[in-house]
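My numbering runs 501 ahead of the 1-based position in the sequence shown. All residues carry an ideal CB built from backbone N, CA and C; glycine is no exception. The structure presented is a predicted model; accordingly, all values stated were derived computationally and were not measured.
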Amino acid sequence: MEDFKHWTEVYQEGSWKLPFDHSANWSSDYNMLDVVKKAPNAMDNTIKKVEEIFGPRDWVLSTTEKSVIDSLHSYLEPFFKTTTNLCNCKLPTVGLVFFFMDHVFELIKLCQDSSHKEWLKNIASDMSETASKFISEAYSIYTFTAAILDPRIKGELIPETLNSASNLENARNHFVRDYSNAYQTVGNGHGAQDTTEEAGAFSFAEEIIRKRRRVSMTTAADELSQYLAEAPAPISTDALEWWRGHSSRYPRLSLMARDFLAIQGTSMDPEELFTSKGDNIHKQQYCLPLSSMQAIMCIKSWMQSGYHFNFQSTIIDFESLVKSATASGDTDDSSLLHN
Numbered sequence: 502m503e504d505f506k507h508w509t510e511v512y513q514e515g516s517w518k519l520p521f522d523h524s525a526n527w528s529s530d531y532n533m534l535d536v537v538k539k540a541p542n543a544m545d546n547t548i549k550k551v552e553e554i555f556g557p558r559d560w561v562l563s564t565t566e567k568s569v570i571d572s573l574h575s576y577l578e579p580f581f582k583t584t585t586n587l588c589n590c591k592l593p594t595v596g597l598v599f600f601f602m603d604h605v606f607e608l609i610k611l612c613q614d615s616s617h618k619e620w621l622k623n624i625a626s627d628m629s630e631t632a633s634k635f636i637s638e639a640y641s642i643y644t645f646t647a648a649i650l651d652p653r654i655k656g657e658l659i660p661e662t663l664n665s666a667s668n669l670e671n672a673r674n675h676f677v678r679d680y681s682n683a684y685q686t687v688g689n690g691h692g693a694q695d696t697t698e699e700a701g702a703f704s705f706a707e708e709i710i711r712k713r714r715r716v717s718m719t720t721a722a723d724e725l726s727q728y729l730a731e732a733p734a735p736i737s738t739d740a741l742e743w744w745r746g747h748s749s750r751y752p753r754l755s756l757m758a759r760d761f762l763a764i765q766g767t768s769m770d771p772e773e774l775f776t777s778k779g780d781n782i783h784k785q786q787y788c789l790p791l792s793s794m795q796a797i798m799c800i801k802s803w804m805q806s807g808y809h810f811n812f813q814s815t816i817i818d819f820e821s822l823v824k825s826a827t828a829s830g831d832t833d834d835s836s837l838l839h840n
């Protein structure tokens with residue numbers, strides 16, 4: 502590694518993070534291709550130094566091999582950029598993920614249809630099968646709704662396969678059915694009244710509300726129509742902050758957005774999927790049943806509120822338990838209980 506670092510400085514071939522990630526995933530392969538393409542002199546001289554010590558190894562790449570690597574690097578570069586952008590997103594919403602993935606699918610199809618290299622077309626064909634599986638599993642009315650409620654995406658940037666009139670109609674019906682009445686309850690809710698006269702007054706008010714409910718539902722539907730008619734927000738916008746700032750303008754729709762955008766899309770940082778950590782993570786089961794997720798969320802909320810949990814007069818350190826579960830080595834469980 503020191504030899505490689507030395508030669509990159511000599512040939513001014515960039516600064517590289519050492520040691521290289523050797524995990525068995527495509528991004529690690531891309532990183533190695535990146536080295537071959539951007540630091541060829543440093544790599545060749547490092548190999549020659551190794552051959553001087555251990556004898557000929559025939560590791561120096563031929564011109565033909567470097568040409569193949571250049572082609573594969575060019576093909577994978579947009580995928581690497583997509584991965585990097587997703588990893589750097591503060592809030593990788595469903596809508597934003599679909600936006601990036603739709604771009605990836607277009608690149609795969611373009612290569613599959615127009616590439617003159619048969620080996621590259623075969624790679625694109627295999628990737629196309631994975632893309633089709635992703636679409637069949639991920640595209641639904643619920644993910645469509647979550648996508649259009651991302652103010653950066655709306656209907657304009659949703660994948661064409663998902664952006665159907667029936668999905669929009671189903672989302673509109675769900676909004677009117679479940680959120681127009683919910684907002685009335687929140688906006689018009691009152692505590693128990695002390696006098697019969699006051700109770701009668703609010704009973705009369707509720708009667709008026711029931712008569713006007715159809716009008717209110719129409720107004721609710723107009724919120725969605727108005728929201729979708731406007732241009733998407735800049736891609737750098739914080740989706741949750743946007744809805745906080747527009748809750749008075751879209752009182753009902755903001756409630757629906759809160760519910761859909763608050764759904765946890767993944768139990769780990771995206772970048773962990775594309776590094777050596779991902780090799781260990783894939784061996785573990787991260788799809789929890791609903792009951793377990795509810796329990797975990799409750800415990801997390803209680804801990805943030807300052808609650809402590811005891812087991813036989815000892816305080817349970819949940820944070821250490823989680824770290825122990827994800828660590829590669831075994832941890833003595835007795836150290837996780839503090840007297």
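Tell me, to the nearest whole angstrom, how far the beta carbon of F601 is from that of L621; I am working on the premise that it is less than 8 Å.
Not confirmed; about 22 Å, so no contact.
In chain order, what residues of the same chain have a beta carbon less than 6 Å from the beta carbon of H464, not counting five sequence neighbours either side?
Lying outside 502 to 840, the shown extent of the chain, residue 464 is not represented and no answer is given.
With 16 other CB atoms within 10 Å as the buried threshold, where does G807 fall?
exposed
Decide if F645 is buried, meaning its Cβ has at least 16 other Cβ atoms within 10 Å, or exposed.
buried
Would the beta-carbon of G596 fall within 7 Å of that of D679?
no
Using DSSP with H/G/I as helix, E/B as strand and the rest coil, what is F812?
strand
Rounded to whole angstroms, what's the CA-CA distance from Q795 to M804? Just pull it up for me.
14 Å
When T584, H507, N664, L741 are compared against R550, the one with the closest alpha-carbon
The sequence shown places Lys at residue 550, rather than the Arg named in the question. Ranking T584, H507, N664, L741 by Cα distance to K550 puts H507 first.
Find out if the Cβ-Cβ distance for the pair E657, P735 is shorter than 7 Å.
no
I need the straight-line Cα distance from L562 to E503, nearest angstrom please.
21 Å
Among the candidates R653, I654, I642, H675, whose CA atom is the shortest distance from the CA of S665?
I642
Keeping to the same chain, check which residues put their C-beta closer than 7 Å to that of Y576; ignore five residues upstream and five downstream.
C612, L621
Suppose only complete runs of 4+ residues qualify. What are the alpha helix (DSSP H) ranges in the segment 622-665, listed by chain order?
642-649
Among the candidates A625, K618, S802, whose CA atom is the shortest distance from the CA of S568?
K618
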